[in-house]
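> First residue of the sequence shown? That's 13 in this note's numbering, and the numbers climb one at a time after it.
Glycine included, each C-beta is placed from N, C-alpha and C at the ideal position.
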Amino acid sequence: MLDGFLEHREHIRFVACRHEGGAAFMAEAQGKFTGRPGICFVTRGPGATNAAIGLHTAFQDSTPMILFIGQVGADVRDREAFQELDYRAVFGPNSGGLAKWVGEVQSADRLPEYVARAFHIALQGRPGPVVLVLPEDMLSTPTAAPVLPRIVAAQAAPAPKALLELRSLLLAAERPLVIVGGSAWDAAAVAALQRFAERWQLPVACAFRSQDHFDNRHALYAGDVGIGVNPKLAERVREADLIIAVGPRLDEMTTRGYTLLEAPRPRQTLVHIHVGAEELGRVYEADLAVQSSMPNAAAALAALGGPCELPWTAWTQSAHADYEANLVAPPVAPLDLAEVVQAVQRLAPGDAILTNGAGNFSAWLHRYWRYAGLGTQLAPASGAMGYGVPAAIAASLLQPGRCVVAFTGDGDFLMTGQELATAQAHGARLIVILVDNASYGTIRMHQEHAYPGRVIASALINPDFVLLARAYGFASERIDATEAFEPAFAAALVRAQSTLLHLVLDTEVITSRTTIAAIRANALKQQSAS
13 MLDGFLEHRE
23 HIRFVACRHE
33 GGAAFMAEAQ
43 GKFTGRPGIC
53 FVTRGPGATN
63 AAIGLHTAFQ
73 DSTPMILFIG
83 QVGADVRDRE
93 AFQELDYRAV
103 FGPNSGGLAK
113 WVGEVQSADR
123 LPEYVARAFH
133 IALQGRPGPV
143 VLVLPEDMLS
153 TPTAAPVLPR
163 IVAAQAAPAP
173 KALLELRSLL
183 LAAERPLVIV
193 GGSAWDAAAV
203 AALQRFAERW
213 QLPVACAFRS
223 QDHFDNRHAL
233 YAGDVGIGVN
243 PKLAERVREA
253 DLIIAVGPRL
263 DEMTTRGYTL
273 LEAPRPRQTL
283 VHIHVGAEEL
293 GRVYEADLAV
303 QSSMPNAAAA
313 LAALGGPCEL
323 PWTAWTQSAH
333 ADYEANLVAP
343 PVAPLDLAEV
353 VQAVQRLAPG
363 DAILTNGAGN
373 FSAWLHRYWR
383 YAGLGTQLAP
393 ASGAMGYGVP
403 AAIAASLLQP
413 GRCVVAFTGD
423 GDFLMTGQEL
433 ATAQAHGARL
443 IVILVDNASY
453 GTIRMHQEHA
463 YPGRVIASAL
473 INPDFVLLAR
483 AYGFASERID
493 ATEAFEPAFA
503 AALVRAQSTL
513 LHLVLDTEVI
523 TSRTTIAAIR
533 ANALKQQSAS
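(1) On the CB-based measure, 16 or more other CB atoms within 10 Å of its CB, does residue 140 come out buried or exposed?
(2) Please report the residue range of the beta strand (DSSP E) in which residue 3 lies.
(3) If you draw a straight line from the C-alpha of residue 176 to the C-alpha of residue 233, how long is it?
(4) Note down, one range per segment and in chain order, each alpha helix (DSSP H) of at least 4 residues found wholly within the stretch 151 to 220.
(5) Pick helix, strand or coil for residue 129, following the three-state DSSP scheme.
(6) Quick one: complete beta strand (DSSP E) runs, 3+ long, within the stretch 460 to 508?
(7) Using 8 Å for Cβ pairs, my map puts residue 38 next to residue 406. What's the rounded Cβ distance?
(8) Mind checking whether residue 227 and residue 47 have CB atoms under 8 Å apart?
(9) Could you check the C-alpha separation between residue 518 and residue 288 for me, to the nearest Å?
(10) Are the beta-carbon atoms belonging to residue 460 and residue 531 less than 8 Å from one another?
(11) Look up residue 368 in the DSSP assignment and give the residues it is bridged to.
(12) In whole angstroms, what separates the C-alpha of residue 127 from that of residue 142?
(13) In whole angstroms, what separates the C-alpha of residue 236 from that of residue 203?
(14) Residue 423 and residue 371 - do their beta-carbons sit closer together than 8 Å?
(15) Give the straight-line distance between the Cα atoms of residue 388 and residue 354, rounded to the nearest whole angstrom.
(16) Give me the residue from 342, 419, 209 with the minimum Cα distance to residue 319.
(17) Between which two residues does the alpha helix (DSSP H) harbouring residue 303 extend?
(18) Could you tell me the alpha carbon to alpha carbon distance between residue 375 and residue 533, rounded to whole angstroms?
(19) Tell whether a beta-carbon distance below 8 Å holds between residue 123 and residue 168.
(20) Taking all protein chains shown into account, do 16 or more other C-beta atoms lie within 10 angstroms of the C-beta of residue 91, making it buried, or fewer, making it exposed?
(21) Indicate whether the contact test is met: 3 or more Cβ pairs, each with one atom in the stretch 451 to 458 and one in the stretch 492 to 509, closer than 8 Å.
(22) Could you tell me how far apart the beta carbons of residue 40 and residue 69 are, in whole angstroms, since I believe they sit closer than 8 Å?
(23) Output the boundary residues of the alpha helix (DSSP H) element that contains residue 400.
(24) Check the C-beta distance from residue 196 over to residue 306 and give it rounded, since I have them as a contact under 8 Å.
(25) Would you list, in sequence order, the uninterrupted alpha helix (DSSP H) runs of no fewer than 4 residues that lie entirely inside the stretch 33 to 93?
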């Protein structure tokens, strides 16, 4: 279908996944990685609802994606025929967060129109997922419909007046901070944003799971604003007198529950630059709202004339010093995840792609990994469990020459671990680092915060992950101590075969900053005080 109805198409490779959720995650990862819509085909009913997790991830992460779903024929519609669903009712846009648009193609002659419209909607404004429904009888109807050209998104640009106002706000500031994130970036835009930051000597923080949008090794990098944020960076966001948000939605995770920036009117002067007009003013009343594509916004910022004097040099230097200090890890025995992440950083190629799903294990990756540039991080801002392994497979198939490492937790892995078979079937090569603490760690952490000592349904009885990985054709090894990790990872890097390293972590080591015992003691103390 896509071959016949869109000119100048990208190379299409069909991958048969083991579960529709894994397939949807792979399509979302492709969209995130390439900036072009990831394509996923699923069967109707159960197939469509299984794929909903990937749709939700694409929606919250602003990732272009198109989900094609089968539908019953017109002759049996509205009888609750086998696996029949009303996809407009299920997926929206009235759902408020699953798809930008749902279309159903009744005539084969109109397929080109619908496919083109799906690409337009997925790419235009704030990118996102689109659902296209394909009735069974329509799919078997011959058509001579003409080929349509390749779809390219329109590119909004900042108005000259807005740029002058932004420059005036900068010149009046004493404690400015840039927060970069969101989708629709490319390498040139990232480079242009860096030039803007360098000209004005601005500290740059990255929004939640957008850490590859600015070189973490750069002297202007201030860290990531999200779950597990460095407390000093959180305080810096509060103390800033000017926030320039380039690209992010400024969602709940990035704003720490809308407290770092108070909604709807922040204490800080706010410049919000976003690709979608519908996002500007949705939550925050910015002092300056600018609709622009990220390439055009970054290029305009890079051309903005710099100041004669910089009153915030010490502010910028201390922001980076706080980030560097946050990389110093307290020692943990017998298995230290900070040292694990740092060992991967030392040994892996500089352009390695890191993927992860959701869970407390990811906090070590976000805190200690230094992302080198765009396209080195694939992670769900939606907090979807099970994302890391399918995303790693997609990355390996898209960039077969690059090193791909998936960080995953035990509960996270068990959501989509069967996709190891997909990796083997299609020749993907990846290294999976599975952190097993026999727990849904995030849930356990929140239980201890709110109901100390009253734990329910967060403990896991896991399989032997080494044997499971070997059954799928992966090399595998169990790691119980820090010193065993580095040689195992070094061997995995040179091995032609994909590898899973099973890291066994004490449940007590619940985050990179605290323990179960400390959380429980603090919660009990607060309860007794109240």
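Quick answer:
(1) buried
(2) For residue 3 there is no data in the structure shown, the boundaries of the chain being 13 and 542.
(3) 25 Å
(4) 172 to 184, 199 to 212
(5) helix
(6) 487 to 491
(7) 4 Å
(8) no
(9) 44 Å
(10) yes
(11) 419
(12) 10 Å
(13) 18 Å
(14) yes
(15) 16 Å
(16) 209
(17) Element bounds for residue 303: not the alpha helix (DSSP H) but the beta strand (DSSP E), 300 to 303.
(18) 22 Å
(19) no
(20) exposed
(21) no
(22) 5 Å
(23) 400 to 410
(24) 5 Å
(25) 58 to 62, 64 to 72
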